[in-house]
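Data first, discussion second: the structure below is written as structure tokens.
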Amino acid sequence: MSDSSSPQQPQPGKRGKPNTGRQARSDAGALVLCGARLADGRTVDVRLGGGRIEAVGTAGSLAPQGSRVDLAGYLLLPAPAEPHAHCDTALTADTDGPASDSPEEVQRRTTEAALLQLGHGATASRSHVRIGDVQGLRSLQAVLQARRSLRGLADLAAVAVPRVLTGVAGADGLAMLRDAVKMGASVIGGCPDLDPDPAGYVETVLEVAGEHGCPVDLHTDGDDPARLSRFAAMAGGLRPGVALGPCAGMARMPRSVAARVAEQLAAADVAVICLPQGDCTGLERHGSRVARPAPVRLLRAAGVRVAAGSGALRDVANPVGRGDPLEAAYLLASLGEATPEAAYETVSAAARATLGLPEVRVEAGFPAELLAVRGERIAGVLSLAYSRVVVHRGRVVARTSAVREYCDSAAEVALELPRQSQRP
Numbered sequence: 022m023s024d025s026s027s028p029q030q031p032q033p034g035k036r037g038k039p040n041t042g043r044q045a046r047s048d049a050g051a052l053v054l055c056g057a058r059l060a061d062g063r064t065v066d067v068r069l070g071g072g073r074i075e076a077v078g079t080a081g082s083l084a085p086q087g088s089r090v091d092l093a094g095y096l097l098l099p100a101p102a103e104p105h106a107h108c109d110t111a112l113t114a115d116t117d118g119p120a121s122d123s124p125e126e127v128q129r130r131t132t133e134a135a136l137l138q139l140g141h142g143a144t145a146s147r148s149h150v151r152i153g154d155v156q157g158l159r160s161l162q163a164v165l166q167a168r169r170s171l172r173g174l175a176d177l178a179a180v181a182v183p184r185v186l187t188g189v190a191g192a193d194g195l196a197m198l199r200d201a202v203k204m205g206a207s208v209i210g211g212c213p214d215l216d217p218d219p220a221g222y223v224e225t226v227l228e229v230a231g232e233h234g235c236p237v238d239l240h241t242d243g244d245d246p247a248r249l250s251r252f253a254a255m256a257g258g259l260r261p262g263v264a265l266g267p268c269a270g271m272a273r274m275p276r277s278v279a280a281r282v283a284e285q286l287a288a289a290d291v292a293v294i295c296l297p298q299g300d301c302t303g304l305e306r307h308g309s310r311v312a313r314p315a316p317v318r319l320l321r322a323a324g325v326r327v328a329a330g331s332g333a334l335r336d337v338a339n340p341v342g343r344g345d346p347l348e349a350a351y352l353l354a355s356l357g358e359a360t361p362e363a364a365y366e367t368v369s370a371a372a373r374a375t376l377g378l379p380e381v382r383v384e385a386g387f388p389a390e391l392l393a394v395r396g397e398r399i400a401g402v403l404s405l406a407y408s409r410v411v412v413h414r415g416r417v418v419a420r421t422s423a424v425r426e427y428c429d430s431a432a433e434v435a436l437e438l439p440r441q442s443q444r445p
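Counting from 1 along the sequence shown, just add 21 to a position and that's the residue number in the numbering used here.
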């Protein structure tokens, strides 16, 4: 089986394969997605225009006014988003010696990681970027430059992550955090677990976020119920919102304790971003692996909005990360933390809401942020999501095609399997 991905515009194909034509030349041009299957079982045509869904009708009912994509055999879904990435350190696991932190290398890695995520279907992502220490603001500047270069292909938000914010040592970090927001970091993050005064760290982050109207996204293992309760009390009511993650420590709490903490997080409207594949760079526990992610089923039952992210992408925290939202959903479903449908919701609707993005439905009037995956049902596409077509702002921006063939055999004849070559 071969599997390739490219942000370049795909070429027209045969029926049953995506036929993208010329639709990527203009966001304003009309595009009709033909014969797609929806999660409710309907087969429809979907017309896109001006970056939004203009109409949804029964298959064959929408005459193409511009370009068309044949999505027969594909399941059409709202596009996922990546709520927790570390693009600046991604793809460094195989580096001989310390990875380069030059702005050029950081920008290259960020761009490559964002495009990899885009190929999987994530049309928007949030990347945490360490600021301070010897690196200062250079990595953030490189990530912001990558964001500008990706405009039109994918949306990338940068999270400023200072190391220390309290005491004498935190003065420089606080000043740099304010500068980072002025530069263009749209989210304030950090890891209070690494500060001598975790509560003071959170208080400072919330104060700066309130001054600038920024959302907050903090790293925490979440293994201390008293600390999580205090975080929830401090964060309650902040707009545009607060998220914590990966909170895998909650899975190690007694269930009654975790349930009480979940209720407090829900009351404070604090979202949780779990990482089903394990820890990430932000927690600096290189080489450790969590047994289970945050208790998603328990959190959702309490009313907490739970999004799932990919976290580390082939860096020192995880040398084999994929940056694939569908894998995050697959892991949640396989662990019994969610049904396949609820698992996909954590990487799509919940992830977009956590990122402050508008809701997407395959209905007229909604943003044309879509993912088509070959298959019939969500459980199937989470299991075998090989071929994908990604739509961002109403145009096809990436396609991944997979081809599987079999050699001659009795099974090939009986099941009409695709052959590697034609018989003489």
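The beta carbon of each residue, even a glycine, is placed where N, CA and C say it ideally should be.
As the structure is a prediction and not an experimental result, all values here were calculated from the model.
Measuring only the C-alpha atoms, how far is residue i from residue j?
i      : j      : result
Thr187 : Asp290 : 26 Å
Gln285 : Leu239 : 17 Å
Thr144 : Ala329 : 15 Å
Ala323 : Ala288 : 9 Å
Pro124 : Ser160 : 6 Å
Ala359 : Gly231 : 34 Å
Leu296 : Arg420 : 25 Å
Ala51  : Ser88  : 7 Å
Asp214 : Thr116 : 28 Å
Thr302 : Glu426 : 39 Å
Ser408 : Val402 : 9 Å
Asp242 : Arg58  : 39 Å
Cys428 : Gly140 : 29 Å
Pro219 : Asp122 : 28 Å
Pro236 : Arg398 : 34 Å
Gly257 : Val282 : 13 Å
Asp300 : Ala315 : 11 Å
Leu356 : Ala84  : 44 Å
Ala247 : Leu265 : 15 Å
Arg462 : Ala135 : What the structure shows of the chain is the stretch from 22 to 445, and residue 462 is not part of that stretch, so it cannot be assessed.
Val418 : Ala178 : 18 Å
Ala254 : Thr64  : 47 Å
Pro275 : Arg318 : 15 Å
Ala354 : Pro361 : 5 Å
Leu456 : Arg321 : Beyond the ends of the chain as shown, which are 22 and 445, falls residue 456; an answer cannot be given.
Is it buried or exposed for residue i, if we count other Cβ within 10 angstroms and need 16 for buried?
i      : result
Asp61  : exposed
Thr79  : exposed
Leu98  : buried
Gly191 : buried
Met147 : Just to set this straight, residue 147 is Arg in the shown sequence, not Met. It counts as buried.
Gln138 : buried
His413 : buried
Ser25  : Confidence is the limiting factor: at Ser25 the pLDDT is only 43, short of 50, which leaves the residue's position unreliable and the question unanswerable from this model.
Leu96  : buried
Gly207 : Note that residue 207 corresponds to Ser in the displayed sequence, not to Gly. The residue in question, Ser207, is buried, as its Cβ has 16 or more Cβ neighbours within 10 Å.
Ala106 : buried
Glu228 : exposed
Glu384 : exposed
Ala364 : buried
Glu380 : exposed
Could you round the C-beta distance between residue i and residue j to whole angstroms and report it? I think they count as a contact, below 8 Å.
i      : j      : result
Arg130 : Gly153 : Not really, about 19 Å apart at Cβ, beyond 8 Å.
Gly205 : Leu249 : Actually they are not in contact, since the Cβ atoms of Gly205 and Leu249 sit about 30 Å apart, beyond 8 Å.
Ala102 : Ala350 : Not quite, the Cβ-Cβ distance comes to about 12 Å (not below 8 Å), so this is no contact.
Ala100 : Leu392 : 5 Å
Gly415 : Leu69  : 4 Å
Ala269 : Arg313 : 7 Å
Using alpha carbons as the reference points, say which of the options lies closest to residue i.
i      : options                        : result
Val325 : Gln138, Ala292, Pro379, Pro314 : Ala292
Asp109 : Thr116, Gly157, Val150         : Val150
Val244 : Gly81, Arg273, Leu352, Val263  : Note on identity: in this sequence residue 244 is Asp, with Val being the wrong assignment. Closest option to Asp244, Cα to Cα, is Arg273.
Ser82  : Gly56, Ile74, Ala106           : Gly56
Leu259 : Ala283, Pro275, Val223, Pro267 : Val223
Asp345 : Val337, Ala338, Ser369         : Ser369
Val77  : Ala389, Ala406, Val424, Glu397 : Ala389
Ile74  : Arg343, Leu54, Arg276, Leu319  : Leu54
Ala111 : Glu126, Pro104, Val327         : Glu126
Ala181 : Arg169, Ala175, Val189, Ala163 : Ala163
Pro340 : Pro104, Thr113, Val90          : Thr113
Arg199 : Ala167, Asp216, Gly221, Leu158 : Leu158
Ile294 : Thr367, Ala400, Gly72          : Thr367
Ala338 : Gln298, Ala374, Leu195         : Gln298
Pro261 : Ala167, Ala196, Gly234, Phe252 : Gly234
Ala374 : Ala93, Pro104, Gly94, Pro217   : Pro104
Gly94  : Leu378, Asp66, Ala120          : Asp66
Is there a Cβ of chain C sitting closer than 9 Å to that of residue i, yes or no?
i      : result
Leu165 : No chain C appears in this structure, which consists of one protein chain only.
3 or more residues per run - each beta strand (DSSP E) lying fully within the segment 183–236: 208–211
Segments assigned alpha helix (DSSP H), at least 4 residues, entirely inside the segment 313–360: 317–322, 346–355
Beta strand (DSSP E) segments (min. 3 residues) lying fully within the segment 90–147: 95–99, 103–106
Complete beta strand (DSSP E) runs within the segment 234–268 (minimum length 3 residues, chain order): 237–241, 263–267
Unbroken stretches of the beta strand (DSSP E), 3 residues or longer, contained in the segment 378–437: 391–395, 409–413, 416–424
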